Amino acid sequence: MSVAQVSIEYACQYFLNKVLLLNAGDRLLVYIDRPAEELVVGELQARALCLGIETEILQLGHLSSSTEMVRVLCDRIASGEFNAICEMADQYFYLTPVWGQAMEEAARLYSVGAMDRAAFVRCVGQVDHARLAELGDALYQILRGARRVRLETGAGTSIRFRMNTGSLLGRIMSRLRLTAMSQVWRPTGTLKPGGGATFLGGQLSFLPIPDTIHGRAVIDGYLWPPDGIGCLEEPIVLEIERGQVVEIGGDPATSGLLRNWLSGKEKAVEHFCIGFNPGARLNNNLVEAERAFGHINIGFGTYPYHTDGVIVKPRLTIDGDVLMENNTFIDGRIASLAAAL
């Protein structure tokens, strides 16, 4: 048996037992929209069988629309009595009734996107998930306490914004409707036995005070949707004013495709995300690309016209102190936690 096969078996067993918290006699639903042979689904199902976990694979790729996919998924989740559900599809459903249906049925839901074998080993099997969670919690605390933030790159990104998540004054002003609150969400990757939903570990998401987001974002790593973009050879450039994308430029082909797709649609910035999964790479799986170590993702637009773009090698400065630069965390404690990964 090759090292790759051993690694896949270990990654699958770890994922089933330690991430999805499944045991013998439990039921797992995996939904996909690519051919199964392109994904790790076969190995996952085989390992589940060895562990006494019943696994059902639901193929959505033949369905003609995301609306039909949502209907089929909700019906199957409602009738299946699943303990856990794994999203292994390009199409994500966290902004649809699917995730709510899973919560209603008390099923744990975990999204890895359309992940192949090599990526699954890198991002799941070879990662210390406890240390990854510790790093995420430390980043969460830093962003909770942040006030003034700058995001810059050598490629031309220059964005400034403010945060007030941990501020008593900010909360008071928000209640009085004098200003909006920023938000910092808990890092992804951890489920609890009683239910819940999350994504692959290695990402922290936050939204600054929307009206304070100004500048230029040079997206030079990855952007999807719409179909036809993905990994970028030439950058897409966003001009942002008061939290709204007001101009899309850069590479004529991809920026034109993005402009046409978003024509007449809302283009508000919805989040920024710090990626810190040491196994993640920029490839054609959105969930993995967003978690590429040391990069930052910007998400904008309202579902189903929401897109995510990865900014490569950013410098993130918080209240005058550089947190990260060139895919490296500079802050002392964060740097130590990152090195331990």
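Reminder that position 301 of the sequence shown reads as 393 in our numbering, one-by-one numbering, no gaps. The C-beta atom is built at its ideal place from N, Cα and C for all residues, glycine as well. All of these numbers come straight from a predicted model, not from anything done at the bench.
Taking DSSP as the reference, what is the three-state secondary structure of residue i?
{"i": "residue 387", "result": "coil"}
{"i": "residue 109", "result": "helix"}
{"i": "residue 214", "result": "helix"}
{"i": "residue 402", "result": "strand"}
{"i": "residue 99", "result": "helix"}
{"i": "residue 221", "result": "helix"}
{"i": "residue 413", "result": "strand"}
{"i": "residue 232", "result": "helix"}
{"i": "residue 209", "result": "helix"}
{"i": "residue 408", "result": "strand"}
{"i": "residue 243", "result": "strand"}
{"i": "residue 150", "result": "strand"}
{"i": "residue 94", "result": "In this prediction, residue 94 has a pLDDT of 47, which is less than 50 and means its spatial position is unreliable; nothing more can be read from the coordinates."}
Between which two residues does the beta strand (DSSP E) containing residue i stretch?
{"i": "residue 171", "result": "Taken as a continuous stretch (DSSP letters only), residue 171 belongs to no beta strand (DSSP E), being part of the alpha helix (DSSP H) at 158–172."}
{"i": "residue 116", "result": "From DSSP, residue 116 is part of no beta strand (DSSP E); its letter is neither H nor E."}
{"i": "residue 186", "result": "Residue 186 -> no beta strand (DSSP E), and no H or E assigned at all."}
{"i": "residue 176", "result": "176–179"}
{"i": "residue 202", "result": "200–203"}
{"i": "residue 251", "result": "250–254"}
Looking at C-alpha atoms only, which residue of the options is the closest neighbour of residue i?
{"i": "residue 323", "options": "315, 358, 127", "result": "315"}
{"i": "residue 171", "options": "121, 256, 400", "result": "121"}
{"i": "residue 312", "options": "104, 148, 402, 420", "result": "402"}
{"i": "residue 219", "options": "375, 326, 361, 104", "result": "104"}
{"i": "residue 159", "options": "139, 180, 185, 145", "result": "185"}
{"i": "residue 281", "options": "349, 379, 209", "result": "379"}
{"i": "residue 360", "options": "182, 377, 390, 347", "result": "390"}
{"i": "residue 208", "options": "393, 143, 127", "result": "127"}
{"i": "residue 370", "options": "339, 293, 257", "result": "293"}
{"i": "residue 434", "options": "162, 167, 196", "result": "Residue 434 is absent from the structure shown; the chain starts at 93 and stops at 433."}
{"i": "residue 386", "options": "392, 363, 368, 393", "result": "368"}
{"i": "residue 330", "options": "392, 131, 373, 141", "result": "392"}
{"i": "residue 141", "options": "169, 327, 119, 196", "result": "119"}
Quick one: give me the first and last residue of the alpha helix (DSSP H) that residue i is part of.
{"i": "residue 428", "result": "424–431"}
{"i": "residue 195", "result": "189–196"}
{"i": "residue 126", "result": "Run containing residue 126: none; DSSP gives neither H nor E here."}
{"i": "residue 139", "result": "133–142"}
- Message: Counting beta carbon pairs with one atom in the segment 411–418 and one in the segment 321–335, are three or more of them shorter than 8 Å?
- Response: Between the segment 321–335 and the segment 411–418 there are fewer than three C-beta pairs closer than 8 Å, too few to call the two in contact.
- Assess, as a yes-or-no matter, whether the segment 193–200 is touched by the segment 272–292 under the definition of 3 or more beta carbon pairs within less than 8 Å. Under the Cβ criterion (8 Å, minimum of three pairs), the segment 272–292 counts as touching the segment 193–200.
- Item | alpha helix (DSSP H) segments (min. 4 residues) lying fully within the segment 313–389 | If we require 4 residues or more, the alpha helix (DSSP H) runs fully inside the segment 313–389 come out as 344–354, 378–381.
- Any contact of the segment 233–246 with the segment 343–361, i.e. 3+ C-beta pairs under 8 Å? When Cβ pairs closer than 8 Å are counted between the two stretches, the segment 233–246 is seen not to touch the segment 343–361, the count staying below three.
- Report yes or no: do the segment 250–257 and the segment 305–315 share at least 3 C-beta pairs separated by less than 8 Å? In short, these stretches touch, since the Cβ pair count reaches three.
- Just checking, does the segment 100–120 make contact with the segment 129–137 on the three C-beta pairs under 8 Å criterion? The segment 100–120, when compared against the segment 129–137, does touch it at the 8 Å Cβ threshold.
- Item | Continuous alpha helix (DSSP H) assignments of at least 4 residues falling wholly in the segment 277–310 | List check, alpha helix (DSSP H) in window: nothing returned.
- Query: Any chance the segment 108–118 sits against the segment 172–179, with 3 or more Cβ pairs inside 8 Å?
  - Reply: Yes, they touch.
- Cβ pair count under 8 Å reaching 3, the segment 227–236 against the segment 154–173: Contact annotation: the segment 227–236 does not touch the segment 154–173, with fewer than three C-beta pairs closer than 8 Å.
- Message: If contact is defined by three or more beta carbon pairs under 8 Å, each pair taking one atom from either stretch, is the segment 185–196 in contact with the segment 205–213?
- Response: Short answer: they don't touch.
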